[in-house]
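In this text, residue positions in the sequence shown follow the working numbering: the first is 164, and each later residue adds one.
Glycine is no exception: its CB is placed at the ideal position from the N, C-alpha and C atoms.
Source: prediction; values computed, not measured.
Worksheet: the structure to be examined is printed underneath.
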Amino acid sequence: MELLHAPVRLPPHLEGKLLRKIWFVGAAMISVISGGIAFAAGAVDPTPVKSENGKYLDKEGNPTFKVAPDGTVDWYTYSGYRRYHSECHVCHGPDGMGSTYAPAVTDSLKTMSYGDFVGVVASGRKSGNSVMPALGDNPNVACYMDDLYIYLRARAHDAVGRVRPAKKEDKTEAYTKEENSCMGRK
Ligand code: HEC
Numbered sequence: 164m165e166l167l168h169a170p171v172r173l174p175p176h177l178e179g180k181l182l183r184k185i186w187f188v189g190a191a192m193i194s195v196i197s198g199g200i201a202f203a204a205g206a207v208d209p210t211p212v213k214s215e216n217g218k219y220l221d222k223e224g225n226p227t228f229k230v231a232p233d234g235t236v237d238w239y240t241y242s243g244y245r246r247y248h249s250e251c252h253v254c255h256g257p258d259g260m261g262s263t264y265a266p267a268v269t270d271s272l273k274t275m276s277y278g279d280f281v282g283v284v285a286s287g288r289k290s291g292n293s294v295m296p297a298l299g300d301n302p303n304v305a306c307y308m309d310d311l312y313i314y315l316r317a318r319a320h321d322a323v324g325r326v327r328p329a330k331k332e333d334k335t336e337a338y339t340k341e342e343n344s345c346m347g348r349k
């Protein structure tokens with residue numbers, strides 16, 4: 164009888180093991196849950212953590228957008244909007260919404276990594292009759308990969324709407340320099 168009322172105590176070495184096991188299962192559950200949420204919301208959190216000459220970067224160093232509370236967008240988002248509408252929208256539809264011919268890239272960028280994006284745009288892709296042309300040799304695309312990625316990432320996260328952004332940050336000198344050298348201008 165005595166034994167039944169006594170608190171259940173495991174031998175010390177087993178108690179430690181059990182605690183570790185509970186901790187491990189708990190940690191595994193947390194990582195499954197947060198992993199699921201992270202995946203649903205996009206591969207990487209798009210929040211900018213730093214900027215380099217007007218280009219914003221997320222915590223993993225990927226290019227990302229910044230939209231101020233008053234709607235002012237970073238230069239890349241604005242530039243990407245313009246480049247997208249001159250080079251991509253004939254197939255992918257206005258504002259990245261997709262067409263009968265090509266997928267909605269605003270959806271693609273909810274999960275597509277920067278590296279995969281650059282790879283597809285530069286080298287193209289083909290699935291049966293569906294062809295994404297390789298655009299890596301087109302300077303109007305190749306010199307603006309980050310702009311395109313950042314604009315479409317902003318669209319994927321609903322940070323900008325289906326219109327030309329009205330207010331934008333200034334183009335930096337560093338950007339102009341890089342752009343001119345990429346485009347072969349002096
Ligand atoms: C001539 C039409 C055409 C043009 C122009 C075009 N695309 Fe595409 N793109 C496609 C098609 C079709 C696919 C789907 C290819 C497949 O099924 O594998 C595609 C696929 C993609 C994908 C992969 C989408 C995914 O969900 O996997 C990305 C990203 C993309 N295009 C970005 C761009 C960007 C950025 C531009 C402009 C610089 C552009 N495309 C210009 C036709 C085009």
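**Cβ-based burial, residue 216 [other Cβ within 10 Å; buried from 16]** = Here residue 216 is taken as the residue at index 53 of the sequence shown, counted from 1. Counting Cβ neighbours within 10 Å, residue 216 comes out exposed, since fewer than 16 surround it.
**Whole-angstrom distance between residue 237 and residue 213, CA atom to CA atom** = Taking the first residue of the sequence shown as 1, we reach residue 213 at position 50. Taking the first residue of the sequence shown as 1, we reach residue 237 at position 74. Residue 213 and residue 237 have their C-alpha atoms roughly 13 angstroms apart.
**Message:** Looking only at its chain, what residues have a beta carbon closer than 6 angstroms to the beta carbon of residue 229, apart from the 5 residues adjacent to it on each side?
**Reply:** Indexing the sequence shown from 1 puts residue 229 at position 66. Once the five neighbours on either side are set aside, the close Cβ partners of residue 229 are 211, 219 and 237.
**Delimiting residues of the beta strand (DSSP E) encompassing residue 262** = Here residue 262 corresponds to residue number 99 of the sequence shown, with the count starting at 1. Counting along the chain, residue 262 falls outside any beta strand (DSSP E), and DSSP gives it neither H nor E.
**Asked** What did DSSP end up calling residue 346 once you bin it into helix, strand or coil?
**Response** Indexing the sequence shown from 1 puts residue 346 at position 183. Shown here, residue 346 sits in coil according to DSSP, grouped into three states, outside any helix or strand.
**Asked** Taking Cβ to Cβ, would you say residue 285 is nearer than 9 angstroms to residue 308?
**Response** By one-based count along the sequence shown, residue 285 stands at place 122. By one-based count along the sequence shown, residue 308 stands at place 145. Yes, they are a contact pair.
**Item:** residue 309: CB within 8 angstroms of a non-hydrogen atom of the ligand HEC
**Value:** Residue 309 sits at position 146 when you count from the first residue of the sequence shown. False, no ligand heavy atom lies under 8 angstroms from that Cβ.
**Contact between the region 294-306 and the region 269-285 (3+ Cβ pairs under 8 angstroms)** = The region 294-306, when compared against the region 269-285, does touch it at the 8 angstroms Cβ threshold.
**Asked** Thinking C-alpha only, which one of 336, 346, 252 and 276 is nearest residue 325?
**Response** Here residue 325 is taken as the residue at index 162 of the sequence shown, counted from 1. Of 336, 346, 252 and 276, the smallest CA-CA separation from residue 325 is found for 252.
**Request:** Report back the beta-carbon spacing between residue 225 and residue 277 to the nearest angstrom; my notes put them in contact at under 8 angstroms.
**Result:** Here residue 225 refers to the residue found at position 62 of the sequence shown. Here residue 277 refers to the residue found at position 114 of the sequence shown. For residue 225 against residue 277, the beta-carbon gap comes to about 4 angstroms, under 8 angstroms, which counts as contact.
**Request:** Classify residue 243 as buried or exposed, calling it buried when 16 or more other Cβ atoms lie within 10 Å of its own Cβ.
**Result:** Here residue 243 refers to the residue found at position 80 when the sequence shown is read from its first residue. Around the beta-carbon of residue 243, 16 or more other beta-carbon atoms lie within 10 Å, marking it buried.
**Message:** Going by the DSSP bridge assignment, what does residue 358 pair with across the sheet?
**Reply:** It is not possible to answer for residue 358, since the shown part of the chain is limited to 164 through 349.
**Message:** Which residue marks the beginning of the beta strand (DSSP E) containing residue 284, and which one marks its end?
**Reply:** Walking along the sequence shown from the start, residue 284 turns up at place 121. For residue 284, no beta strand (DSSP E) encloses it; the enclosing alpha helix (DSSP H) starts and ends at 277-286.
**Message:** Quick check: what's the CA-CA separation for residue 200 versus residue 207?
**Reply:** Here residue 200 corresponds to residue number 37 of the sequence shown, with the count starting at 1. Here residue 207 corresponds to residue number 44 of the sequence shown, with the count starting at 1. Since pLDDT at residue 200 reaches only 39, below the 50 mark, its modelled position is unreliable, and the value read off the structure follows with that caveat. Across the structure, residue 200 and residue 207 are spaced so that their CA atoms are roughly 11 angstroms apart.
**Asked** Should residue 258 be labelled buried (16 or more other beta-carbon atoms within 10 Å of its own) or exposed?
**Response** Position 95 of the sequence shown, counted from the first residue, corresponds to residue 258. Counting the other Cβ atoms within 10 Å of the Cβ of residue 258 gives 16 or more, which makes it buried.
**Item:** Host alpha helix (DSSP H) of residue 304 (start-end)
**Value:** Start at 1 with the first residue of the sequence shown, and residue 304 comes out as number 141. Counted as a single uninterrupted DSSP element, the alpha helix (DSSP H) harbouring residue 304 occupies residues 302-305.
**Asked** If you run the structure through DSSP and keep just helix, strand and coil, what is residue 294?
**Response** In the sequence shown, residue 294 corresponds to position 131, counting from 1. Per DSSP, reduced to three states, the secondary structure at residue 294 is strand.
**Item:** Closest Cα partner of residue 341 within the set 261, 305 and 273
**Value:** Taking the first residue of the sequence shown as 1, we reach residue 341 at position 178. It is 305 whose Cα lies nearest to the Cα of residue 341.
**Asked** Which first and last residues belong to the alpha helix (DSSP H) in which residue 252 is found?
**Response** As a working note, residue 252 is residue 89 in the sequence shown. Per DSSP, residue 252 belongs to the alpha helix (DSSP H) from 252-255.
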